[in-house]
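Novice:
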Amino acid sequence: MKKILIGLSLILFFTTACKEKEITSVSNEAIQPKLLDEAPVEKINLSGPFTQRISEISGLTWYKNKLILLPQFPVKFKYKNGGTLYSIPKSKIEDFLFSKTINTIEPDRIEFVAKGLEKYNRKDSGYESIVFLGDTAYLTIEYVNNGATESLIVKGILDSTANRLTLDSSSVRHSPAPDQFHNWSTETVLTFNNYIYTIFEVNGKNLVPNPKAYKFNSKLDFISTLNFPTIEYRVTDATLPDKNGKFWVINYLYPGDKPAINPTEDLLISRYGIGRTHLEAEEVERLVELKIENGAITITGRAPVYFQLETGKSSRNWEGIARLGNKGFLIATDKHPETILAFVPVKDLN
Numbered sequence: 057m058k059k060i061l062i063g064l065s066l067i068l069f070f071t072t073a074c075k076e077k078e079i080t081s082v083s084n085e086a087i088q089p090k091l092l093d094e095a096p097v098e099k100i101n102l103s104g105p106f107t108q109r110i111s112e113i114s115g116l117t118w119y120k121n122k123l124i125l126l127p128q129f130p131v132k133f134k135y136k137n138g139g140t141l142y143s144i145p146k147s148k149i150e151d152f153l154f155s156k157t158i159n160t161i162e163p164d165r166i167e168f169v170a171k172g173l174e175k176y177n178r179k180d181s182g183y184e185s186i187v188f189l190g191d192t193a194y195l196t197i198e199y200v201n202n203g204a205t206e207s208l209i210v211k212g213i214l215d216s217t218a219n220r221l222t223l224d225s226s227s228v229r230h231s232p233a234p235d236q237f238h239n240w241s242t243e244t245v246l247t248f249n250n251y252i253y254t255i256f257e258v259n260g261k262n263l264v265p266n267p268k269a270y271k272f273n274s275k276l277d278f279i280s281t282l283n284f285p286t287i288e289y290r291v292t293d294a295t296l297p298d299k300n301g302k303f304w305v306i307n308y309l310y311p312g313d314k315p316a317i318n319p320t321e322d323l324l325i326s327r328y329g330i331g332r333t334h335l336e337a338e339e340v341e342r343l344v345e346l347k348i349e350n351g352a353i354t355i356t357g358r359a360p361v362y363f364q365l366e367t368g369k370s371s372r373n374w375e376g377i378a379r380l381g382n383k384g385f386l387i388a389t390d391k392h393p394e395t396i397l398a399f400v401p402v403k404d405l406n
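Each residue of the sequence shown is one higher than the last, beginning at 57 in the working numbering.
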């Protein structure tokens, strides 16, 4: 992060200096970015098989009044004739967080049937995100095929009476996303105005000079690409957009990924500032607000929400997010450093 801040200092200096008729010197003093208050991360106590690291949660979303938790490999948890998708009633989450009437939650199980899709249940592949349009579920799949990483999307039906999600193997479609990056794919899916949108995992300037998002209809026919903003580090999941098309994404940097991601100057820091515990840290854990409008996705004028980091502990690979009304966000990790479901309170959410 220190190298990024030094680079930002030079950018800010030259932006100001070029307004003068003549540049006479360069200051050696680094410009301190604005320090932002950070949101606390409140862990939700869980019990049952879901708490194992092999859960490897890769996406969160809402289905009616239930929070859906998607494991990257649902087949690792055998249930009836398939694997397992997990859910938690919204009322239980609110009881735990606000009423304090319960002190632990055991997620419920939903049968996950994916016949004909067995080849995606292997290392470096798997299910990455999920969203619902009515009873129809849309899931992105990351598939490493002969060294190339393909971005796929598939749909299925959730039968709430039978408590079963059944995927349609014939519905699998390719997303026209970059495939030259190993283990990176369209890791985010969302719906807006009855269309389906997928977002590629990396959108930094040095790797993807002209980032795009991808639009499908409800039948998964590809419609078009959309311009997407340059955002350094990884984008790993998104909330459902509001009626105006605004939504939030997880923006995360694991320090070990830095050589591969090769980030340039973080323009969100120069524009808005940086979280207090992030100033001396290598990792980045934050949320960024975006908007779908006029055939493009753009960054809104709201500052990112930085998470309060745990000093001296491993960074948390946040892979799932769902908004909890105007109170804040529910977030989840994969297996790094452990399975975590947490709440991030945020004020002034419209």
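We put the beta carbon where it would ideally sit given N, CA and C, even for glycine.
From a predicted model like this one, the values you see are computed outputs, not experimental measurements.
By how many angstroms is the C-alpha of residue 218 removed from the C-alpha of residue 311?
Specialist: The straight-line gap from Cα to Cα measures roughly 43 angstroms.
Novice: Return helix, strand or coil for residue 82, following the three-state DSSP convention.
Specialist: Note that residue 82 scores 35 on pLDDT, short of 50, meaning its location in the model is unreliable; the coordinates nonetheless yield the value given after this. Coil at residue 82, not helix or strand.
Novice: Return the bridge partner residues of residue 344 from the DSSP annotation.
Specialist: DSSP, once it has assigned bridges, lists 305 as partnering residue 344.
Novice: Quick check on the DSSP output: the beta strand (DSSP E) that includes residue 271 runs from which residue to which?
Specialist: Residues 268 to 272.
Novice: Go through the stretch 160 to 215 residue by residue and report every complete run of the beta strand (DSSP E) that reaches 3 residues or more, in order.
Specialist: Those beta strand (DSSP E) runs which fall completely within the stretch 160 to 215 and span 3+ residues are 164 to 169, 182 to 189, 192 to 201, 204 to 215.
Novice: Let me know the secondary structure DSSP gives residue 370 once reduced to three states.
Specialist: In this structure, residue 370 counts as coil in the three-state DSSP scheme.
Novice: Can you list, in chain order, the residues of its chain with a C-beta nearer than 7 angstroms to that of residue 334? Leave out the 5 residues immediately preceding and following it.
Specialist: So the qualifying residues of the chain are 57, 340, 362, 365.
Novice: With a cut-off of 8 angstroms, do at least 3 Cβ pairs link the stretch 296 to 304 to the stretch 265 to 283?
Specialist: Because the criterion of three Cβ pairs below 8 angstroms is not met, the stretch 296 to 304 and the stretch 265 to 283 do not touch.
Novice: Which residue's Cα is closest to the Cα of residue 332: 367, 124, 239, 389?
Specialist: Closest option to residue 332, Cα to Cα, is 367.
Novice: In whole angstroms, what separates the C-alpha of residue 140 from that of residue 166?
Specialist: The straight-line gap from Cα to Cα measures roughly 6 angstroms.
Novice: With distances taken from CA atoms, which of 168, 172, 371, 174 is nearest residue 134?
Specialist: Comparing Cα positions, the closest option is 168.
Novice: Is the separation between the beta-carbon of residue 100 and that of residue 186 shorter than 9 angstroms?
Specialist: Result no, Cβ atoms of residue 100 and residue 186 do not sit closer than 9 angstroms.
Novice: Using DSSP with H/G/I as helix, E/B as strand and the rest coil, what is residue 276?
Specialist: Of the three classes helix, strand and coil, the one that applies to residue 276 here is coil, per DSSP.
Novice: Between the stretch 344 to 360 and the stretch 119 to 135, do three or more beta carbon pairs fall short of 8 angstroms?
Specialist: Because the criterion of three Cβ pairs below 8 angstroms is not met, the stretch 344 to 360 and the stretch 119 to 135 do not touch.
Novice: For residue 289, does the three-state DSSP call read helix, strand or coil?
Specialist: The answer is strand: DSSP assigns residue 289 an E or B state.
Novice: Only counting the same chain, and skipping five residues up and downstream in sequence, which positions put a Cβ closer than 8 angstroms to that of residue 384?
Specialist: Closer than 8 angstroms at the Cβ level, and outside the excluded window around residue 384, lie 95, 399, 400, 401, 402, 405.
Novice: Given residue 233, which residues of its chain have a CB within under 6 angstroms of its CB, disregarding the five upstream and five downstream residues?
Specialist: Excluding residues within five positions, the ones whose Cβ falls inside 6 angstroms are 207, 242, 256.
Novice: When you compare only the Cα positions, how much space is there between residue 246 and residue 336?
Specialist: Going by the C-alpha atoms only, they are around 33 angstroms apart.
Novice: Quick one: Cα of residue 156 to Cα of residue 148, how far?
Specialist: Going by the C-alpha atoms only, they are around 10 angstroms apart.
Novice: Assign residue 231 to one of two classes, buried (16 or more other C-beta atoms within 10 Å of its C-beta) or exposed (fewer than that).
Specialist: Buried.
Novice: Using the C-alpha atoms, what's the distance from residue 159 back to residue 380?
Specialist: Distance between the alpha carbons of residue 380 and residue 159: 19 angstroms.
Novice: Considering only residues of the same chain and omitting the five flanking positions on each side of residue 388, which have a CB-CB separation below 6 angstroms?
Specialist: Counting only Cβ-Cβ distances below 6 angstroms, and skipping sequence neighbours, we find 113, 116, 376, 397.
Novice: Find the nearest neighbour of residue 105 within the set 240, 125, 97, 87, judged by alpha-carbon distance.
Specialist: Of the listed residues, the one whose Cα sits closest to residue 105 is 125.
Novice: For the alpha helix (DSSP H) that contains residue 110, what are its first and last residues?
Specialist: Segment: none, residue 110 is in no alpha helix (DSSP H) and carries neither H nor E.
Novice: Rounding to the nearest angstrom, what Cα-Cα distance links residue 373 and residue 92 in this structure?
Specialist: Residue 373 and residue 92: Cα-Cα distance of roughly 21 angstroms.
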